[in-house]
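Everything below concerns the one structure shown next.
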Amino acid sequence: MAELMLVVYGTRNGSTQEIAESIGNSLRKEGLAVDVRPAADVRDVCPYSAVVVGGGLYANRWHRDARRFVRRHRRPLGDRSLWLFSSGPLDPSAGERDIPPVPGVRRIADRLGARGHATFGGRLDDTATGRLARMIVKSGKGGDFRDFGKVTAWASGIADALAGEEVRRRAARG
Numbered sequence: 000m001a002e003l004m005l006v007v008y009g010t011r012n013g014s015t016q017e018i019a020e021s022i023g024n025s026l027r028k029e030g031l032a033v034d035v036r037p038a039a040d041v042r043d044v045c046p047y048s049a050v051v052v053g054g055g056l057y058a059n060r061w062h063r064d065a066r067r068f069v070r071r072h073r074r075p076l077g078d079r080s081l082w083l084f085s086s087g088p089l090d091p092s093a094g095e096r097d098i099p100p101v102p103g104v105r106r107i108a109d110r111l112g113a114r115g116h117a118t119f120g121g122r123l124d125d126t127a128t129g130r131l132a133r134m135i136v137k138s139g140k141g142g143d144f145r146d147f148g149k150v151t152a153w154a155s156g157i158a159d160a161l162a163g164e165e166v167r168r169r170a171a172r173g
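Heads up, the sequence shown is in numbering that gives the first Met the number 0, so the first residue is 0 and it goes up one at a time.
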């Protein structure tokens with residue numbers, strides 16, 4: 000597959016970036032050409048045929064860079080294959096069951112026709128910034144709850160879906 004794919008993320012402490020990079024690496028192993036970039040750095044999505052947007056969850060909302068990215072690029076995103084992911088639960092729940100998107104992300108998914116969404120566990124350790132984050136860590140509720148096996152499996156599903164689209168396009172061209 001020669002088409003280029005974009006994985007963007009909004010993160011405060013780097014956990015969501017690491018998930019986005021893992022998704023990008025998994026997609027590359029499946030033969031896709033992928034750029035992984037911070038959402039705030041992307042000015043144009045036109046070179047990309049498919050996009051994955053991820054945001055860390057803070058107070059039940061996506062990171063502002065992810066929200067702004069979607070607002071800024073909503074028209075071209077609606078014309079591309081789009082997947083969304085969230086990261087943030089600081090407990091094992093994301094690894095135990097599918098967690099639906101928070102309401103704001105659900106609205107984005109519905110408006111733009113996203114093909115899928117996944118919620119992955121988050122990470123909060125003693126390097127976290129922000130008063131609330133430091134309080135959570137100090138109270139003993141921090142930790143790393145990311146399941147990179149689940150991240151890889153989700154990315155593989157995206158690659159399979161895109162491969163299926165490519166087969167259908169080739170068949171339609173004859």
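Beta carbons: idealized from backbone N, C-alpha and C, even for Gly.
In this structure, does DSSP put residue 117 in helix, strand or coil?
-> Numbered from its first residue, the sequence shown carries residue 117 at position 118. Three-state result, residue 117: strand.
Neighbour-count burial assignment, residue 128, 16 or more Cβ in a 10 Å radius = What you label residue 128 is simply residue 129 of the sequence shown in a count that begins at 1. Looking at its Cβ environment, which holds fewer than 16 other Cβ atoms inside 10 Å, residue 128 is exposed.
Proximity below 8 Å, CB of residue 85 to CB of residue 101 = Locating residue 85 in the sequence shown gives position 86, where the first residue counts as 1. Locating residue 101 in the sequence shown gives position 102, where the first residue counts as 1. Contact flag set, yes.
How would you call residue 97, buried or exposed, if buried means at least 16 neighbouring beta carbons within 10 angstroms?
-> Counting from one through the sequence shown, the residue named residue 97 turns up at place 98. Taking all protein chains in view, the Cβ of residue 97 is surrounded by fewer than 16 other Cβ atoms within 10 Å, so the residue is classified as exposed.
In three-state terms, what does DSSP make of residue 80?
-> On the sequence shown, residue 80 is found 81 positions in, with the first residue counted as 1. Taken through DSSP and simplified to helix, strand or coil, residue 80 comes out as strand.
Residues bridged to residue 86 by DSSP?
-> Within the sequence shown, the letter at position 87 stands for residue 86. Partner residues in the beta bridge of residue 86, as assigned by DSSP, are 55, 119.
Use the C-beta contact count for residue 147: other C-beta atoms within 10 angstroms, 16 or more gives buried, fewer gives exposed.
-> The residue given as residue 147 occupies position 148 in the sequence shown. The residue is exposed, with fewer than 16 neighbouring Cβ atoms inside 10 Å.
Residue nearest to residue 41 in terms of C-alpha spacing, selected from 105, 75, 25 | Residue numbering aside, residue 41 sits at position 42 when the sequence shown is read from its first letter. Of all alpha-carbon atoms in 105, 75, 25, the one lying nearest the alpha-carbon of residue 41 is that of 75.
Could you check if residue 4 is buried or exposed, using at least 16 other CB atoms within 10 Å of its CB as the buried criterion?
-> The residue labelled residue 4 in the question sits at position 5 within the sequence shown. Note on residue 4: 16 or more other CB atoms within 10 angstroms of its CB, so buried under the neighbour-count rule.
Just tell me which of 156, 154, 172, 141 has its CA closest to the CA of residue 89.
-> By 1-based counting over the sequence shown, the position of residue 89 is 90. When 156, 154, 172, 141 are compared, the shortest CA-CA separation from residue 89 is found for 141.
Return the first residue and the last residue of the alpha helix (DSSP H) that residue 124 is part of.
-> In the sequence shown, counting from the first residue as 1, residue 124 sits at position 125. Where residue 124 is concerned, there is no enclosing alpha helix (DSSP H), given that its DSSP letter is neither H nor E.
Just the C-alpha distance for residue 46 and residue 135, rounded to the nearest angstrom, thanks.
-> Here residue 46 corresponds to residue number 47 of the sequence shown, with the count starting at 1. Here residue 135 corresponds to residue number 136 of the sequence shown, with the count starting at 1. If you take the alpha carbons of residue 46 and residue 135, they lie about 41 Å apart.
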